[in-house]
Amino acid sequence: MADNVRDVIRAAQAAELGGDKSRAIELLRLAADLCRRSGNKPRAEQLLRYALRLDPSRKELEEELRVLEREEPPPPPEPEPDEGGPEPGVFVLQEDTSSSLQEALREAELAMDRRTRPVALAVEVMRSAVSSVPVPGKEETPQVPAPVKAPEPRKEDPHPNPLPEGEGAFIERGPTRADPSLEAWCSFCCRPRSEVGALVAGPAGAFICSACIGESGALLGGVAPVVSAQRAQAPAPQRPVSVELVGQVRAREGLERGLEAGVRRVLLLGPEGSGKSTWMRALVEQGRGVLVTPESLDRAPVEAVLLVEDVDRLAPAEQVSLSAFLSRHPACTVLMTARGTPVASGLSLLSDSDRVSVPTTASLSEAVGGSLPVALLEQVQWLVALTAPGIEELSEIARRQLAARGDLQLSGEVLTALATEAARSPRSGHELRALLARVPPGSWRLEVKKKVKAKPARRGRRKGSS
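Here the sequence shown stands for residues 1 to 466, where the numbers follow the UniProt record's numbering.
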């Protein structure tokens, strides 16, 4: 592994994912040294910069990077004269096919179906091809290739470790979008996700970026992926759903006043389904904030407005990490959302043009139901309260969500009825979305139930009456 840059980078990736940053940094330095010695100076600088991002306190990394930037690229070595070589002016290109075949062999062994013998046979053929690659400077003896015989069918699975029943083989699992919270690397260009963007996860724990996907398509002659019939028939939404917050006028005005006053720590508080997440997505679409997670806080741009959702649902360790980040970056503006209902407790201050409420830390803790630590609540400078949406607001939300579905038409009575049912739920907005998802495509109106008249009770006759 010491001479293979790709293997060293993969080992650094594994160390970083395992939490051993010191080991990852040392492996990245080794990979950078290998790139520098091979003449790939830009790649070496890139690896050192990434190692410095893992631990900015390592001064020796900064010194190595400065020395590497000042270093002149080595001149290409002059070819030595070889007796019996090609004539002057004739260029001979020799390709090292052994490394490429070995790499293909490793990928084939990772992706092969362990239950099929023909794939194992293909691996054996590739092994023989690798062993038969000519080595420069070594005399070869002509060998007659032995015919490859097809394996005889067996009734039992010859594999020593068969897959359990119900589990698909590797070859049957298609590509999926990689988890955004996972700091993975592209397995082809060995660049981190923070540099190349979103990754596609493969069936054998490999990842690939969009740039390598494009280059792979060009290498295959522009072969377009085959879309299955089921995916082709799946209806796609024709219009995007509007993520603009409906209603909540006082909350929006309160946020604008706080930001204009230079407030850096804002807590958006409201019941479940009041529109906190919708508001966050709207701010992102407007370019007024960046959604971050506790894991990506240290890599987030501190000059932007950072949006952290559902801080009351974070693990205690993540809440402590968020509180420490706020202490380290007092000039960074952070908007946090949490479930709760404001408690009328604290001071009210008046000026010539404004009125400000100053809640106590105890009232904030009571408002969030004790779900946030005191160390985090003490850093909240501005409280913005959202209220549960009413029937009119829920009806407008339903109209906007309905506009994105071209296959569904609902009458005004149906929208009002759905909004009324959602308003009765403690999850209002979430319940409305669930109700709309349960309505099948088509045009629907509300069924009016007919009132059944009650039959008058029969009056009994007295005894002895005729």
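We put the CB at the ideal spot given by N, CA and C, even for glycine.
Beta carbon of residue i nearer than 8 Å to that of residue j
i    : j    : result
D312 : L372 : yes
L27  : E45  : no
R265 : V374 : no
L402 : L408 : yes
V292 : L306 : yes
G273 : R427 : yes
A24  : A32  : no
R193 : A206 : no
S187 : I213 : no
A422 : L432 : yes
Y349 : V356 : The sequence given here places Leu at residue 349; Tyr does not occur at that position. In contact: L349 and V356 (Cβ atoms closer than 8 Å).
L347 : F325 : no
L47  : E62  : no
L386 : A282 : no
G275 : P389 : yes
Residues of its chain near residue i, where Cβ-Cβ distance is below 7 Å and the 5 sequence neighbours each way are ignored
i           : result
residue 470 : This structure leaves residue 470 out entirely; the chain is present only between 1 and 466.
T341        : P271 and A367
T361        : V374, L377 and E378
Q13         : W185
S425        : E431
A398        : L415, L418, A419, L432 and L436
R36         : A44 and L68
Rounded straight-line distance, which links the Cα of residue j to that of residue i
i           : j    : result
P330        : A261 : 15 Å
G202        : A178 : 9 Å
A419        : V246 : 14 Å
H430        : A317 : 28 Å
M336        : V302 : 15 Å
Y50         : G197 : 15 Å
R438        : R339 : 26 Å
S351        : V358 : 14 Å
V290        : K450 : 53 Å
S443        : V414 : 11 Å
G19         : E295 : 12 Å
S216        : R43  : 21 Å
residue 478 : G39  : The first residue shown for the chain is 1 and the last is 466, placing residue 478 beyond what the model contains.
A404        : E285 : 17 Å
D354        : V67  : 57 Å
S363        : E69  : 55 Å
H159        : R10  : Here the model assigns H159 a pLDDT of 44, short of 50, so the residue's position is not dependable, and the following value carries that caveat. Rounded to the nearest angstrom, the two C-alpha atoms are 29 Å apart.
A434        : C332 : 37 Å
S327        : V334 : 12 Å
V308        : K59  : 32 Å
L182        : K21  : 15 Å
L54         : A300 : 14 Å
I391        : R400 : 14 Å
V8          : P56  : 21 Å
Secondary structure of residue i, DSSP reduced to three states
i    : result
S274 : coil
R339 : strand
C212 : helix
V448 : coil
L442 : The sequence as given places Gly at residue 442; Leu does not occur at that position. Reduced to three states, the DSSP call for G442 is strand.
S194 : helix
L47  : helix
R299 : coil
L245 : coil
A178 : coil
F207 : strand
A201 : strand
G18  : coil
V266 : strand
S323 : helix
V289 : What sits at residue 289 in the sequence shown is Gly, not Val. DSSP places G289 in coil when its eight states are reduced to three.
Own chain partners of residue i with C-beta closer than 6 Å, once the 5 adjacent residues on each side are dropped
i    : result
W382 : G258, V263 and V266
L255 : V384
S210 : none
V200 : P175 and I208
P441 : D407 and L408
E396 : V246
Neighbourhood of residue i by C-beta distance below 8 Å, restricted to the same chain and skipping five residues each side
i    : result
R6   : C190
L446 : S411, E413, V414 and A417
E253 : none
L314 : P294 and L322
Residue ranges of each alpha helix (DSSP H) within the region 352–438, 4 or longer:
For the region 352–438, the full-length alpha helix (DSSP H) segments reaching 4 residues or more read 361–367, 374–377, 391–403, 412–424 and 428–437 along the chain.
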